[in-house]
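Undergrad: Chains as they are written, first to last, in full-length UniProt numbering: chain A, 1 to 106; chain G, 1 to 106.
Even glycine gets a Cβ: it sits at the ideal position worked out from N, Cα and C.
None of these values were measured; they are calculated from a predicted model.
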DNA sequence: CGGGATCCTTGGGGATACTG
DNA sequence: CAGTATCCCCAAGGATCCCG
């Protein structure tokens, strides 16, 4: 049962399709974040999973990890240049969600 | 641990976030489909799941089921007017995926 | 602060069989 | 053709403990 590789929609979902990835990317599209910041702003995600999803986004080349090599540790996460190409998509997702919430609220 | 309801990104993901939903919606944005057509074009999805995801999309109000009440049965699926508002988003998803595939291919 | 290693849990996806 | 009804499974998400 081949999975019709090469489907554009699947390609995108493969990158941003984790449970929290769009939320992470949406934030990173605005500013770079320290890990502790992300943990605070998305406190409903377990730390393990947050880091795992960041790693996967790195592996896809859309997020970069910037280690400032300081004591105490300071590590930032940001979109790569390539990841920035997702910005319009992320905005579209947020915009539709916004109108959807209004729609449901009446 | 509240899940930060009211987040626009989550609202969208809640609607289109199934494993195959974007693929289904992307097709329905172009034309209405009979169930058997969808099954053929997305033959890698099990029938059970395909129908389940269609039901969920109906429940969200973005897909409508049109029963022509014929023998043999003829049922069509299409986007609702509201679902049509997803079209730009679906295009953006497909467009990014397309460029992503080129990106990886070199 | 920013992780890695481990183990547990769950629900979304899937296979199969049957029906009007 | 267009479904429904079950049962199953595993990968993704999550909790916990430990570390430089």
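Consider the C-beta atom of residue 11(G) and the heavy atoms of the ligand HEM; say whether any pair is separated by less than 7 Å.
TA: The model depicted lacks the ligand HEM and carries no ligand whatsoever.
Undergrad: For residue 29(G), does the three-state DSSP call read helix, strand or coil?
TA: Position 29 of the second chain holds residue 29(G). If DSSP states are grouped into helix, strand and coil, residue 29(G) belongs with coil.
Undergrad: Measure the Cβ-Cβ separation of residue 53(A) and residue 21(A) and say whether it is below 8 Å.
TA: By one-based count along the first chain, residue 53(A) stands at place 53. By one-based count along the first chain, residue 21(A) stands at place 21. A contact, by the Cβ cut-off of 8 Å.
Undergrad: Compare the C-beta of residue 80(G) against all C-beta atoms of chain A and say whether one is closer than 8 Å.
TA: Position 80 of the second chain, counted from the first residue, corresponds to residue 80(G). By this cut-off, residue 80(G) is not an interface position.
Undergrad: State whether the stretch 7-16 of chain G contacts the stretch 79-98 of chain A, with contact taken as three or more CB pairs (one from each stretch) at a distance under 8 Å.
TA: Verdict: yes, contact present.
Undergrad: Along the chain, where does the beta strand (DSSP E) that runs through residue 66(A) open and close?
TA: As a first step, residue 66(A) is located in the first chain; it is residue number 66 there, counting from the start. It spans 63-67 - the beta strand (DSSP E) in which residue 66(A) sits, taken as one unbroken run.
Undergrad: Buried or exposed: residue 1(G), going by 16 or more other Cβ atoms within 10 Å of its Cβ?
TA: On the second chain, position 1 is the one that residue 1(G) refers to. A caution first: residue 1(G) carries a pLDDT of 41, below 50, which makes its placement in the model unreliable, though a value can still be read off. When all chains shown are included, residue 1(G) counts as exposed.
Undergrad: From what residue to what residue does the alpha helix (DSSP H) around residue 186(G) run?
TA: Absent from the model: residue 186(G). The displayed extent of chain G is 1 to 106, so no value can be given.
Undergrad: Kindly say whether residue 98(G), judged by its beta-carbon, lies nearer than 8 Å to any beta-carbon of chain A.
TA: Mapped onto the second chain, residue 98(G) falls at position 98. Interface residue, yes.
Undergrad: At a Cβ threshold of 8 Å, is residue 26(G) touching chain A?
TA: Counted from its first residue, the second chain places residue 26(G) at position 26. True, the Cβ-Cβ gap to chain A drops below 8 Å.
Undergrad: Taking only beta-carbon positions, decide if residue 93(G) is within less than 8 Å of chain A.
TA: Along the second chain, one-based indexing puts residue 93(G) at 93. By this cut-off, residue 93(G) is an interface position.
Undergrad: Pull the bridge partners of residue 78(G) from the DSSP assignment, please.
TA: One-based indexing of the second chain puts residue 78(G) at position 78. In the DSSP output, where bridge partners are listed per residue, residue 78(G) has 64(G).
Undergrad: Report buried or exposed for residue 107(A), applying the criterion of at least 16 other Cβ atoms within 10 angstroms of its Cβ.
TA: Because chain A spans 1 through 106 in this model, residue 107(A) falls outside it and cannot be assessed.
Undergrad: How is residue 40(A) classed by DSSP in three states: helix, strand or coil?
TA: Your numbering for residue 40(A) matches position 40 in the first chain. The answer is helix: DSSP assigns residue 40(A) an H, G or I state.
Undergrad: In the DSSP assignment, find the unbroken alpha helix (DSSP H) run with residue 98(G) in it and report its ends.
TA: In the second chain, the residue the question calls residue 98(G) occupies position 98. 87-105 is the span of the alpha helix (DSSP H), which, as asked, contains residue 98(G).
Undergrad: The alpha helix (DSSP H) that contains residue 10(G), what's its start and end?
TA: One-based indexing of the second chain puts residue 10(G) at position 10. Segment 8-16, the alpha helix (DSSP H) holding residue 10(G).
Undergrad: Please list the partners that residue 48(G) has in chain A, where partner means a Cβ-to-Cβ separation under 8 Å.
TA: The residue labelled residue 48(G) in the question sits at position 48 within the second chain. Chain A residues near residue 48(G): none, gap ~14 Å exceeds 8 Å.
Undergrad: Determine, for residue 10(G), whether the minimum Cβ-Cβ distance to residues of chain A falls below 8 Å.
TA: Taking the second chain and counting its residues from 1, the one referred to as residue 10(G) is at position 10. By this cut-off, residue 10(G) is an interface position.
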